[in-house]
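Novice: The structure is given below, and queries will be raised subsequently.
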Amino acid sequence: MPLINVIPGEKIPVAPMNVRLPAWRVPVWLLVFWWLARGLLRLTVWSVRYWWLTGPAAVGAWIYARYGRLVLAAAVLTLVGICVGWWRWHPRSWLRFGWYPMVARWRRAWVYRRGWASKMATCGLATAFAGDRYVPHLLRVRCDRFVDEVTVRMLPGQLPDDWAHAAQRLAYAFRLRDGQARTGTKPDRVVLRFLRRDPLAGTVGPLPVPPVPDFTALPLGVREDGTLYRLRLAGSHVLVAGATNSGKGSVLWSLIASLAGGVRSGLVELWAFDPKGGMELAAGLPLFARFAYDDPDSMAGVLEEAVKRMRLRAARLRGVARQHTPTVDDPLIVLLVDELASLTAYISDRKVKERIKDALSLLLSQGRAVGVHVVAALQDPRKEVLPFRDLFPTRIGLRLTEPEQCDLVLGDGARDRGAACDRIPETSAGVGFVALDGVREPVRVRFSYLTDTDIRDLGRAFRRLDATDPSDPSDPSDPSDEQEGTR
């Protein structure tokens, strides 16, 4: 065998090996059997998955084959009559257990299931690995009058924040109005909320005033699912931020109206601060135990008086109770500030400004447990305007002018989780998002709107026991006559 001389360091080119797999000949009858078996398996899976269609269809076909078309028509009319009678007799249970489950199954099959994989891919929620494609699994669809709730099993490595970023794109992909993503009941699940109809499109009128206010659930407006929204005031302070004409007055007057029953009985004292000269809150003067306006020095004095009341109450409750319980002799004190920036940033007198900041800092840090609560509204949510923003456990963001302000008011990542306050239209005054400390997802709410007539009627009907009727011409409590800017 001849030897091949190889020069040291020289590479010998190697031709690629031509590997040919053996060919297997499959009979035609076996291929036909495989196709039929696979089709039958798919048909069985689809029949089981959509039993709510295949079941009635099978029963209808059996009745038609056994008894004829007249019996089938009679059975269908009987079923329709039962549904109509159920709807007329008890519409709430019919909608919950009859109509909405049928709508949910229909929308799952014809809205979400169709094109699910392609929409996941275009929205960046599907992935590929080693030539295989992985798509999140659609688990369940629930419907009500306004919203679709779609429960999805996420892929490994995904977070609810990933779905929150893509929720708006998914809503447009399914041709719906708006979308939000919320954490599911299990760590690997996420719930997508798609808005079909907006229950907050119309103005919400004044709500009934409870005779005894529940400080853990004050009715203020309507949620995005059409149910009543209730605010927890006990153990909390409330910050309301919004641009001009965004509806901050709706939030304040809705809260005042929900507390009016306690004002009349003496369980609640409302201390109002209106730095704009009393233009916004003066109509509710019979409801207020203190009313400060226009003069910064007098407003600082009223805040310092609230600090004294807070410290005396804390000394009285020390070692007795950890949470204040309102009584007629020891009522709940609620401080209402219409424009907080006028007290913290726009005052030229440095000493007065420091007095106000010190008093507010003490009230916000120590007042919740002893029943002294601050409800403040402002337009500019910048840090230099409101340095103690983190002391407000409850934050309400109405229409804002910039996307960055959403996170400033409601917390980091709130806009990505659906609280797009900058996208609220100007025609939707009173619509906003409520964020609570410890709760991940904000809630969309429209607060009730009270006209000037409603406010005057509220003041007459629920005025304090020691207040006079504002319609009485002999009433000396006109704020225009108060030279010192406080009452």
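Just so you know, our numbering puts 1017 at position 224 of the sequence shown, and the rest follows in order with no gaps.
By construction, the Cβ of each residue, glycine as well, lies at the ideal position given by its N, Cα and C atoms.
#1: Taking the alpha carbon of Val-1015 as the point to measure from, which residue in Ile-1248, Phe-1008 and Leu-993 has its own alpha carbon closest?
#2: Helix, strand or coil: which one does DSSP assign to Tyr-860?
#3: Do you know whose CA, among Leu-1048, Val-1095 and Leu-1032, lies nearest Gln-1172's CA?
#4: The alpha helix (DSSP H) that contains Glu-1097, what's its start and end?
#5: Taking Cβ to Cβ, would you say Ala-1169 is nearer than 7 Å to Val-1100?
#6: Measure the C-alpha to C-alpha separation of Ser-1264 and Lys-1041 and round it to an integer number of angstroms.
#7: Have a look at His-958, Phe-1255 and Trp-855 and flag the residue whose alpha-carbon is nearest the alpha-carbon of Pro-779.
#8: Mapping DSSP to helix, strand and coil, what is Val-945?
#9: Do the CB positions of Ser-1043 and Leu-1011 come within less than 7 Å of each other?
#10: Is Gln-1198 buried or exposed, if buried means 16 or more other CB atoms sit within 10 Å of its CB?
#11: Could you have a look at Val-1002 and say whether DSSP puts it in helix, strand or coil?
#12: Roughly how many angstroms separate the alpha carbons of Arg-900 and Leu-836, rounded to a whole number?
#13: Can you give me the start and stop residues for the alpha helix (DSSP H) that Val-838 sits inside?
#14: Just to confirm the assignment, what range does the alpha helix (DSSP H) spanning Asp-1067 have?
#15: For a quick check, are the C-beta atoms of Gly-1125 and Gly-1164 less than 7 Å apart?
#16: Any Cβ of chain D within less than 7 Å of the Cβ of Gly-1204?
#17: Are the segment 919 to 927 and the segment 856 to 872 touching by the rule of at least three beta carbon pairs closer than 8 Å?
#18: Pull the bridge partners of Pro-992 from the DSSP assignment, please.
#19: Pairing CB atoms from the segment 1210 to 1229 with CB atoms from the segment 1060 to 1067, are three or more of them under 8 Å?
#20: Answer with buried or exposed for Gln-1116, where buried requires no fewer than 16 other C-beta atoms within 10 angstroms of its C-beta.
#21: So the candidates are Val-928, Ser-1154, Leu-1184 and Leu-846; which of them puts its Cα closest to the Cα of Ala-1093?
#22: At what residue ranges does the segment 929 to 974 contain a whole run of the alpha helix (DSSP H), taking only runs of 4 or more?
#23: Taking its Cβ as the centre, do 16 or more other Cβ atoms sit within 10 Å of Arg-818, making it buried, or is it exposed?
Specialist: In this structure, then:
#1: The residue given as residue 1015 occupies position 222 in the sequence shown. Comparing Cα-Cα distances from Val-1015 to each of Ile-1248, Phe-1008 and Leu-993, the minimum goes to Leu-993.
#2: As a working note, residue 860 is residue 67 in the sequence shown. Note: Tyr-860 maps to helix in three-state DSSP.
#3: Translated into positions along the sequence shown, residue 1172 becomes position 379. Minimum Cα distance to Gln-1172 is reached at Leu-1032.
#4: As a working mapping, residue 1097 is identified with position 304 in the sequence shown. Residues 1089 to 1110.
#5: Working through the sequence shown from its first residue, we reach residue 1169 at position 376. Working through the sequence shown from its first residue, we reach residue 1100 at position 307. Their beta carbons are not under 7 Å apart, which means Ala-1169 does not touch Val-1100 by this criterion.
#6: Start at 1 with the first residue of the sequence shown, and residue 1264 comes out as number 471. Start at 1 with the first residue of the sequence shown, and residue 1041 comes out as number 248. Low confidence applies here, because Ser-1264 scores a pLDDT of 47, under 50, leaving its location unreliable; read the following figure in that light. Looking at the two C-alpha atoms, the distance is approximately 27 Å.
#7: Outside the displayed range of the chain (794 to 1280) lies residue 779, so it cannot be described from this structure.
#8: As a first step, residue 945 must be located in the sequence shown, where it is residue number 152. Three-state result, Val-945: strand.
#9: One-based indexing of the sequence shown puts residue 1043 at position 250. One-based indexing of the sequence shown puts residue 1011 at position 218. Taking 7 Å as the Cβ cut-off, Ser-1043 and Leu-1011 do not qualify as a contacting pair.
#10: Position 405 of the sequence shown, counted from the start, is the residue given in the question as residue 1198. Buried, since its Cβ has 16 or more Cβ neighbours within 10 Å.
#11: Indexing the sequence shown from 1 puts residue 1002 at position 209. Of the three classes helix, strand and coil, the one that applies to Val-1002 here is coil, per DSSP.
#12: Taking the sequence shown and counting its residues from 1, the one referred to as residue 900 is at position 107. Taking the sequence shown and counting its residues from 1, the one referred to as residue 836 is at position 43. The straight-line gap from Cα to Cα measures roughly 21 Å.
#13: Within the sequence shown, residue 838 is the residue found at index 45, counting from 1. Its alpha helix (DSSP H) spans residues 821 to 842.
#14: Along the sequence shown, read from residue 1 onward, the residue named residue 1067 stands at position 274. Per DSSP, Asp-1067 belongs to no alpha helix (DSSP H); it is in the beta strand (DSSP E), 1061 to 1067.
#15: Here residue 1125 corresponds to residue number 332 of the sequence shown, with the count starting at 1. Here residue 1164 corresponds to residue number 371 of the sequence shown, with the count starting at 1. The displayed chain sequence assigns Leu, not Gly, to residue 1125. In contact: Leu-1125 and Gly-1164 (Cβ atoms closer than 7 Å).
#16: Note that chain D does not occur in the displayed structure, where there is just one protein chain.
#17: no
#18: Locating residue 992 in the sequence shown gives position 199, where the first residue counts as 1. Its beta-bridge partners do not exist; DSSP assigns none.
#19: no
#20: Residue mapping note: residue 1116 aligns to position 323 of the sequence shown, counting from 1. Exposed, since its Cβ has fewer than 16 Cβ neighbours within 10 Å.
#21: On the sequence shown, position 300 is the one that residue 1093 refers to. Nearest of Val-928, Ser-1154, Leu-1184 and Leu-846 to Ala-1093, Cα basis: Ser-1154.
#22: 953 to 966
#23: Residue mapping note: residue 818 aligns to position 25 of the sequence shown, counting from 1. Exposed, because fewer than 16 other Cβ atoms sit within 10 Å of the Cβ of Arg-818.
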